[in-house]
Each structure stands twice: as C-alpha cells, then as structure tokens.
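Following: one structure in structure tokens, then a few remarks.
Number of protein chains: 2
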Amino acid sequence: MHTQLSIIDTLKKHNLSVTDARKNILSLFSQSGNALAHADIEQTSSAEFDRVTIYRTLQTFVEKGIIHTIPSSDNSVRYALCKDECAAGNHHHNHIHFICDNCGITYCIDQITVPKIQLPQGFKASQTDLIVSGTCNKCEQ
Amino acid sequence: MHTQLSIIDTLKKHNLSVTDARKNILSLFSQSGNALAHADIEQTSSAEFDRVTIYRTLQTFVEKGIIHTIPSSDNSVRYALCKDECAAGNHHHNHIHFICDNCGITYCIDQITVPKIQLPQGFKASQTDLIVSGTCNKCEQ
DNA sequence: ACGCCATTGCAACTTTGTTGCAAAATATTT
DNA sequence: AAATATTTTGCAACAAAGTTGCAATGGCGT
Ligand SMILES: [Zn+2]
Ligand SMILES: [Zn+2]
Ligand SMILES: [Zn+2]
Ligand SMILES: [Zn+2]
Numbered sequence: 388m389h390t391q392l393s394i395i396d397t398l399k400k401h402n403l404s405v406t407d408a409r410k411n412i413l414s415l416f417s418q419s420g421n422a423l424a425h426a427d428i429e430q431t432s433s434a435e436f437d438r439v440t441i442y443r444t445l446q447t448f449v450e451k452g453i454i455h456t457i458p459s460s461d462n463s464v465r466y467a468l469c470k471d472e473c474a475a476g477n478h479h480h481n482h483i484h485f486i487c488d489n490c491g492i493t494y495c496i497d498q499i500t501v502p503k504i505q506l507p508q509g510f511k512a513s514q515t516d517l518i519v520s521g522t523c524n525k526c527e528q
Numbered sequence: 388m389h390t391q392l393s394i395i396d397t398l399k400k401h402n403l404s405v406t407d408a409r410k411n412i413l414s415l416f417s418q419s420g421n422a423l424a425h426a427d428i429e430q431t432s433s434a435e436f437d438r439v440t441i442y443r444t445l446q447t448f449v450e451k452g453i454i455h456t457i458p459s460s461d462n463s464v465r466y467a468l469c470k471d472e473c474a475a476g477n478h479h480h481n482h483i484h485f486i487c488d489n490c491g492i493t494y495c496i497d498q499i500t501v502p503k504i505q506l507p508q509g510f511k512a513s514q515t516d517l518i519v520s521g522t523c524n525k526c527e528q
C-alpha cells in the first residue's frame, strides 16, 4: 500500500524528462480512469498536441511500463494506466478488460484475474489477454 | 460428424452468390488453416482482387458467420474460419487464440475453451476473447 | 546562465479504410 | 437459352491513420 505518485513523479521515476505533452497526456489517463485510444486523446481539446507527438508519447509510455495496450477487433487499440509495478519492457498484468458495445468505454477490471492457460505441447505463453465485451453497468437499463 | 462442405456449398449455405472473389478468399482460409489479416490476403498473389473487394468480402463473411475476428494489439485484426455452426450475426465460439510473436501465425486452439467469467454487478457479457501470445510450436528451438 | 541532448512540430509521405457509381458478373424468370 | 433483375466488382476519389526526417524548441545537468 503506497500513496499515488504525482504525474511528475511518475515520469521521473521512469527516467523521462517532464514535458507538457507527457504531463498532459498522462493526466488525461489519470482523470479518465478508463482506457483511451489514440483518437480519444487527439480529440480532447485540453491536450492540443501534434498527432505525431501523441503517437510517440503513447509508444514511450508503453515501453516504459506506464501504460498497457488492450487488444481490440476494431483496429483501435486502447491504452490504460498500469497500476502495479510494470518495469520497462516488462508488463505483467493479470486483470481482464471489458469493452462496452454501447458507450465504448473500456474498463480494466482489476478484481478479476486472467486464468492460467495450459497450452498444447510446444507453445510458450508470454502474455495472456482476456477481453469481455457487452454492456457496462452505466449502460444497463 | 459431417463431411467438410465444399467452398461453393459453404457460400450457398449462407445465401451468398458464388463469385470468383469469394471462392478464392474462402479457399485461402481453408488452405492456410490459420488466421489471416487483410494484408495477408492482399499480398497473396493467387488472389488478385481490388482492396475494396477484399474489405467487403471479409465483412460479408463475418456477418454471415463464415469467419470470426480475432482482436489484436497491433491494429491488424485477423480472421479465421468458423468451425462450428455460427449463424448470421450470431457467432458463438469458445476457443482461445494464440498469436506467435516470432512468426506472426495466429492459431485457433480448439481444444482449449474460454473460461466463464463472473463480471461485477451490472456488467453483461456478450462475447469473451482470450488471446495468448508467445512462441508457437514451430518456432521453439 | 550555458550548452548538450531529448523532445516537439511540421511537412511530406505511405498505408489503411470508406464511399459512390458505372460496368461486369451472377441469379432468376420467361 | 435468352432476357431481365439483382448483386457484386473495380475504379476513382477521398478520408483517416500511421511513419519518417529534420530543424527548432525546450528540459536538464553543470
Ligand atoms: Zn457502457
Ligand atoms: Zn488494463
Ligand atoms: Zn511461430
Ligand atoms: Zn478462432
């Protein structure tokens, strides 16, 4: 149990220089709480950065273990903050993800862990993603 | 236990007119055995169709329940033949998928089923995808 | 405050995906 | 088998998404 690191501390902890773009984009993730796609960030007026900067920032954050990717079937990869201690180039999450078909919100469901999969002979797992889609608790009526 | 439907029979069974593009692309899936991305089909010299035709054919096949999508984190959705009886607009698979980080081959692992997930209150699942990545049995040394 | 190095924005480009429409191919009817 | 109706295809034109090189800017250590 440790206190939430500030935006700036998080960047410094991962050996990144503190720039407007990084502070802004990282705080977007903090504030939103949910996963964001590139397009979400680009369309957020509060963060007006060049598209290229957003691409590079997201890539850097993934490499440094600040955010993780969430696979999708719609050619729109989403990103969410890593909550545990993910090292650079070495993510280890075991929570599942939920994508709402209705509102599009993508959730990290930390309470539910991905089960261990016994693969056929010769297959070695390095990462397992479990993505559930359906209707979220805000959209059910 | 029933015999494998021919390419043409499969198309007719799903109320699709039998065209060169559909026969060709469907047989690509049969022959390959594994999942294919749009780019794989476009680059296969045996199937020389307009990009637009490939997009539309894949979309039609998904809608008719002939192929299913496999989410990915690299903005490259893959498609694979449905083996069970998937109805139009109503896929029900429960096998997992494996994506090899080395050779890129994407496998449907039919022997392993996706576990039932107990979601938090208010969340309703319509589909669950489990994707394992790592090294496949052809790439291990 | 200075200088070095990393980061950003811009421009130009490639790749990927979409839409409308006429021509061609397929299916259906006679 | 031919004529007609319907569907599918390819093309063109476009929109959106992602990449690369480079000069200008801004952050960081001294
Ligand atoms: Zn929702
Ligand atoms: Zn997550
Ligand atoms: Zn492999
Ligand atoms: Zn599959």
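In order, the protein sequences belong to chains A and B. The numbering of the first sequence is the numbering used here, which starts it at 388 and goes up by one. The numbering of the second sequence is the numbering used here, which starts it at 388 and goes up by one. All C-beta atoms in this analysis are idealised placements derived from N, C-alpha and C, irrespective of residue type, glycine included. No experiment lies behind these values; they were computed from the predicted model shown.
At a C-beta separation below 9 Å, residue 519/A has these neighbours in chain B: 504, 506, 510, 512, 513, 514, 515 and 516. By the 16-neighbour rule on beta-carbons within 10 angstroms, residue 458/A is buried. Taking 7 Å as the cut-off, the Cβ atoms of residue 469/A and residue 526/A do not count as close. Interface with chain B (7 Å Cβ-Cβ cutoff): residue 462/A is included. Under a criterion of Cβ atoms nearer than 7 Å, no residue of chain A is adjacent to residue 528/B; the nearest Cβ is some 11 Å distant.
Check the Cα spacing between residue 507/A and each of 421/B, 485/B and 432/B: the tightest is with 485/B. Annotated as distal: residue 456/A and residue 408/A, with beta-carbon spacing of 7 Å or more. Chain-order list of chain A residues neighbouring residue 524/B: 507, 508, 509 and 510, by C-beta distance under 8 Å. The beta-carbon of residue 404/B is placed no less than 7 Å from the nearest beta-carbon of chain A. Taking non-hydrogen atoms of ligand 2 into account, the C-beta of residue 523/A is found less than 6 Å away from none of them. Rounded to whole angstroms, the separation of the alpha carbons of residue 438/B and residue 522/A is 33 Å. Secondary structure at residue 455/A: strand, using DSSP grouped into helix, strand and coil.
Residue 397/B is outside the set of residues whose beta carbon lies under 7 Å from a beta carbon in chain A. The contact set of residue 427/A on chain B, defined by CB atoms closer than 7 Å, is empty, because the minimum CB distance reaches about 15 Å. Closest option to residue 488/B, judged by alpha-carbon separation, among 487/A, 397/A, 511/A and 451/A: 511/A. Taking CB atoms only, residue 493/A has no neighbour in chain B less than 7 Å away. In the three-state scheme derived from DSSP, where H, G and I count as helix and E and B as strand, residue 505/A is classed as coil.
Look at residue 525/B here: in three-state DSSP terms it is coil, with no helix or strand label.
A residue is called buried when at least 16 other Cβ atoms come within 10 angstroms of its Cβ; residue 520/B meets this threshold and is buried. Residue 495/A has its CB no nearer than 6 Å to any heavy atom of ligand 1. DSSP lists 522/B as the bridge partner or partners of residue 511/A. Under the three-state reduction of DSSP output, residue 436/A falls in the coil class, being neither helix nor strand. Residue 453/A is not a Cβ neighbour of residue 441/A, given a cutoff of 7 Å.
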